[in-house]
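J.: There's a structure below that I have some questions on.
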Amino acid sequence: MLRRRASLISLATIDPDAEPYHDDWEYEPPPLSIGAVCGAAEAETSLCSRCQNFDIQSFSKSTDRRKGFLLKEVEAAAAEGCQFCRLLLDAVKDIEKPDYFYTNVFMGVTKLSPDLYVHMTISDSYKDENPASPSLGLQANRFLIELGDRFSGMKSPSSHEICIAADPGSPAALNGDILGRYIGGDPSSTSHYETAQNWLRACTSHSKCNETVSGSIRINPYDAPFPTRVIEIVREDDRQRLYLRHTDGLHGAYITLTHRWNEFTGQCITTTSNIEGRLLGEDFEQLPQLFQDAFTIAEKLGITFIWIDSICIIQQGDDYVDWRREAPKMAQYYQFSVFTLAGTAEDMTDGLLQPYAKDAIPWSSKLVRLPYRDKSHAVAGNFYCFRRRLPVVEDYMDQVWSSILFRRGWILQEWLLSKRLLWYTPHGLFFECQQELPRSYDQSQLTFTRASSDLQAYLRLKASFHFSNIDILSFWYPVLEVYSGQHLTKPELDCILAVAGLAKEVGSILANPSRRPSLESDTQNEVYVAGLWLRDIHHGLLWEEQHTAKPWTSKVEEAPSWSWASLFTLVRWPERSKGTKNIFSVTGLCFERKGRHDIPDHLVFNGCRLRPYIALTERPTFDPTNMFSCLHIRGKLHTVNVRGYLETKENLKNAALSTNYSPVPKSCNWRAVCSAFRPDIIAGWASLEQLSPHPTACSDFGIAVYALHVSTRYLTYGLWIKTSVPVLDVLYLEEVEVGSNSFRRLGVGRISDPQLIQEFDGAEERDFHIV
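Start counting at 1 in the sequence shown, then tack on 12, and there's your number in the numbering used here.
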């Protein structure tokens, strides 16, 4: 449905008292037929006599909803020009035929050559269950194809499937038998826009898609708070014109665009020099095709406002003041938009609306028309079939998750926060929302059980980002692990900012898990320090460089050494262990880097709370953009010696098992750790990503470093009688300057040797700080 909306904004000024916009004109176009989408000639089909009598209702006669055609008859009919038989034959031609045999004690193995059948199982998005009620129809959108004999049950699955589609107003669709749709290979077609509108309309009833992640605010995406600035798309003399608008405090409907920055982006950014002209509709001539297509899509879907970061945020000329102010607001911008638009092609030079490649399945497949028979077995129009690869979940993985766009650091936050996403891929549209699994252009839906383990982990991650998750920190660390492997154009500026929107929502959930009315003040008391949470700092500090990561080559100097944000490298956190005891205490914090940090700027109470925030006299302590923090600590520091690498698999296995580390690494850069008094005994391991090269690293006594006792976990063993022994989680440190009482992180590790643990027990607590 196309909707024209009255503009909120006059061309000359912004009226803060403007009425919220409303529909002043609506038009509901009739749905396009598949014949109109693909062309009448393409829809014409030559069929053999069997396929002319095809009866889709016959699939309901068997409990497994399966039917078979004899392979040799399919081959013969395909050779004579039957297009449906050709479609079936193309789907099975590369299948390895099953081996049939039987064995007895006298004859040995006897091979059989039974007649083979092309088996078709009618299905709705690979779901195993049948429709809840026969009155709902067959509810199918594909045939799952297998090759095998008639009776044994031994079948070889095809790597392709036959999708089935019907016109929206046809008997096949209205009776609930055919759920699939065919929208053609042109993303600028009316059928594509109608499909997107239907997806968006269906999503409006989803509760999870109409509230913030923290559950604190209900969202009406068509009357939502605007970002500080948006681009307005207007029609003047039947030409599209663009205006940058100041919209802070106004409400309406807008979409967001996520994109990968490149050389063309840099040529069209908003700066302090051109912002005044853009407010007047000037300086929009050199926009890339991606942006132009985004404006077209917005117009076609009846939305006249769009937010694009490179245009709506001042990128140059103000020393990043506007950028730092706007970045934390992205949690709101992406959550409140009608949808986020994304293009996943590696080369976006030609934009979003280029026709799909002719050799891409299913667009290379012949569209075949079959007669549709209703429950009375009378012919009532037609439905259509086309071949595509199996399953659709692989298309989503290839075209979305494995795309170059998903290597971008900012995309993770945008994917997790956006309530609705419209993915324009080289193979077709995908629609994704917060409540349901993604859907593809043919109306099929991803099936979780058919997803790879990696994709299942990502989908679980998204599902867990919600206030109903009672352990929201179980979401935070996996997100950072994924994020640490992505690319940032300006990591020194963006490494914390690119997850600030996520931090804002997580902070709201942590501070107010029961969603009490006092959410805002509670959130201000939550303490977020350089990408970690003070309430969970003992676990947060235990990040480790991924064992498979390439050696890091640069740092973020602004971030403290103890934060994962300080290095450009893949990181991971250890599994939590039941019964773990936290040891040191944080006594104070400094939020700004200075020459000396002898005295904290804020005192810490109850382990994770700063002095109460007083709205009129104190600045908020919760800052999702916090880049630097100094931790003032009271704890036990003890000197240990770091020796050579644990190079053999046996040494790594012993070190992992003795310290309750899982999974056992196949290879990594762990070093042996020893007591200064017993240098011949391996007491634990150290992963030292920041240890400077040292000529005596493998000498008899190793390198002396400080170890901070962070927490104690317990290794339990024994079949009948359980025994628990302590294992120390430690942070390895070096003093910044001798006598400064200021330390920086070298790495992380564990200690399991009982005698070295006794040395820690005998050490006295001291006050110091880590930068």
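Note that the Cβ used here is the ideal one computed from N, Cα and C, for glycine as well.
Remember, predicted model here, so these are calculated numbers, not experimental data.
1) On the three-pair Cβ rule with 8 Å, is the region 212–220 touching the region 315–328?
2) Output the distance between the C-alpha atoms of Y436 and E358, rounded to the nearest integer angstrom.
3) Where does the unbroken alpha helix (DSSP H) through T207 begin, and where does it stop?
4) Under 8 Å: do the region 251–270 and the region 306–320 share three or more Cβ pairs, one atom per stretch?
5) With a threshold of 16 other CB atoms inside 10 Å of the CB of R162, please say whether the residue is buried or exposed.
6) With three or more beta-carbon pairs closer than 8 Å as the criterion, would you say the region 535–549 touches the region 630–650?
7) Straight-line CA distance for A615 to I645?
8) Just to confirm, is the Cβ distance from R401 to E158 under 9 Å?
9) How long is the line joining the alpha carbons of L582 and W422, rounded to whole angstroms?
10) Buried or exposed: which applies to P126, given that a residue is buried once 16 or more other Cβ atoms fall within 10 Å of its Cβ?
11) Figure out for me which residue from D111, D106, P169, L101 has the closest Cα to the Cα of T8.
12) Could you pull the DSSP bridge partners for D741 from this structure?
13) Excluding sequence positions up to five away, which residues of its chain have a Cβ less than 6 Å from the Cβ of A512?
14) Could you give the distance in angstroms between the alpha-carbon of F580 and the alpha-carbon of L83?
15) Per DSSP, what are the beta-bridge partners of G696 in this structure?
16) Would you kindly work out how many angstroms separate the C-alpha atoms of D410 and W273, rounded to a whole number?
17) Grab the span of the beta strand (DSSP E) containing P383 for me, first residue to last.
18) Is the distance from the Cβ of L59 to the Cβ of L382 below 9 Å?
19) Could you tell me the alpha carbon to alpha carbon distance between A571 and Q536, rounded to whole angstroms?
20) When we look at the beta-carbon of R73 and count the other beta-carbons within 10 Å, is it buried (16 or more) or exposed?
21) According to DSSP, is P233 part of a helix, a strand, or is it coil?
22) Is G497 helix, strand or coil by DSSP?
23) Please classify H204 as buried or exposed, where buried requires at least 16 other C-beta atoms within 10 Å of its C-beta.
24) Once you ignore the five residues that flank Q298 on each side, which residues in its own chain have a CB closer than 8 Å to its CB?
25) Pick out whichever of E406, G656, L649 has its Cα sitting closest to the Cα of A775.
26) Could you give the uninterrupted runs of the beta strand (DSSP E) lying entirely in the region 635–675, keeping only those of 3 residues or more?
27) Given this structure, state the Cα-to-Cα distance separating Q498 from F418, to the nearest angstrom.
28) Quick check: the Cα distance between G761 and I287, rounded to an integer number of angstroms?
29) Run the CB neighbour count on S704, radius 10 Å, all protein chains shown included, and call it buried at 16 or more, exposed below.
30) Could you pull out every unbroken alpha helix (DSSP H) segment of at least 4 residues lying fully inside the region 72–106, listed in chain order?
31) According to DSSP, is N524 part of a helix, a strand, or is it coil?
32) By DSSP, does S465 sit in helix, in strand, or in coil?
33) Take every Cβ of the region 246–253, pair it with every Cβ of the region 227–235, and state whether three or more of those distances are shorter than 8 Å.
34) Leaving out five residues before and five after F460 in sequence, what residues of the same chain have Cβ atoms less than 7 Å from its Cβ?
35) Assuming A236 and H258 form a contact by the criterion Cβ under 8 Å, report the distance between their Cβ atoms to the nearest whole angstrom.
36) Quick check on the burial criterion: 16 or more other C-beta atoms within 10 angstroms. Buried or exposed for L292?
T.: Looking at the coordinates:
1) no
2) 12 Å
3) 202–215
4) yes
5) exposed
6) yes
7) The sequence as given places Leu at residue 615; Ala does not occur at that position. For L615 and I645, the distance between alpha carbons rounds to 11 Å.
8) no
9) 16 Å
10) exposed
11) Within the shown structure, residues of the chain are numbered from 13 to 783, placing residue 8 beyond reach of any answer.
12) S723, R762
13) A339, P340, P636, T637
14) 57 Å
15) V685, I763
16) 21 Å
17) 380–385
18) yes
19) 22 Å
20) A small fix is needed here, since residue 73 is Lys in this sequence, not Arg. It is exposed - the Cβ of K73 has fewer than 16 other Cβ atoms within 10 Å.
21) coil
22) coil
23) buried
24) Q279, C280
25) L649
26) 642–657
27) 8 Å
28) 51 Å
29) exposed
30) 83–91, 95–104
31) coil
32) helix
33) no
34) L449, Q468, L471
35) Their Cβ separation, rounded to whole angstroms, is 17 Å, which puts A236 and H258 out of contact at 8 Å.
36) exposed
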